[in-house]
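First the structure, in the form of structure tokens, and then the observations on it.
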Amino acid sequence: TTAIARRYAEEAGVADRIDFRLGPALETIAGLDGPFELVFIDADKENYVNYYEAALPMLADGGLMVVDNTLWSGRVADPDENDDNTSAIRALNDRVLSDPRVENVLLTVRDGMNLVWRRADRQAPAR
Numbered sequence: 093t094t095a096i097a098r099r100y101a102e103e104a105g106v107a108d109r110i111d112f113r114l115g116p117a118l119e120t121i122a123g124l125d126g127p128f129e130l131v132f133i134d135a136d137k138e139n140y141v142n143y144y145e146a147a148l149p150m151l152a153d154g155g156l157m158v159v160d161n162t163l164w165s166g167r168v169a170d171p172d173e174n175d176d177n178t179s180a181i182r183a184l185n186d187r188v189l190s191d192p193r194v195e196n197v198l199l200t201v202r203d204g205m206n207l208v209w210r211r212a213d214r215q216a217p218a219r
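When we follow this note's numbering, the leftmost residue of the sequence shown carries the number 93, and every step to the right adds one.
This is the structure:
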């Protein structure tokens with residue numbers, strides 16, 4: 093529920109700046125109006141690529157997308173790990189890496205975070 097998040101937001105004095113939404117994530121994203129300075133994705137791994145594609149057009153110029161768990165306890169680097177979550181995170185990492193619309197840095201902090209921002213020229217890099 094959002095009750096815990098609301099409580100902490102109130103304690104931090106920022107509850108008036110947060111619009112809490114509860115529902116299926118892809119439907120919720122589709123109903124949002126951007127642009128957003130920060131997008132944080134930490135949800136069901138099997139939809140990571142879908143969340144990325146839905147949120148990227150809403151990212152403000154100079155905005156940042158943070159995708160959590162992108163190393164998945166190192167399982168993404170283990171070729172013998174092929175469960176659904178690991179495969180989904182690999183697919184997201186591959187999509188971001190090959191996406192000419194963005195630049196990214198994969199941080200090896202804890203379970204991994206992929207920091208993604210749109211390219212300033214929004215064009216594919218010269219090869």
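For glycine and all other residues, C-beta sits at the position ideal for the given N, C-alpha and C. Bear in mind that the values here come from a model prediction, so they are computed numbers and not experimental data.
Ranking Gly-154, Gly-126, Asn-161 by CA distance to the CA of Ala-146 puts Gly-126 first.
Cβ contact annotation for Leu-118 (same chain, cutoff 8 Å, sequence separation greater than five): Asn-139, Asn-142, Tyr-143, Ala-146, in chain order. Here Ile-110 carries a coil assignment [DSSP, helix/strand/coil]. When the five nearest sequence neighbours on each side are left out, the beta carbons in the same chain lying within less than 6 Å of the beta carbon of Ala-180 are those of Lys-137, Glu-138, Tyr-140, in order along the chain. Residue nearest to Leu-184 within the set Met-205, Leu-156, Phe-112 is Met-205 (criterion: CA-CA distance).
Taking Asn-161 as reference, the option from Leu-207, Glu-102, Ala-104 with the minimal CA-CA separation is Leu-207. In the structure shown, Gly-166 falls within a helical segment according to DSSP collapsed to helix, strand and coil.
Secondary structure of Arg-193 (DSSP, three-state): coil.
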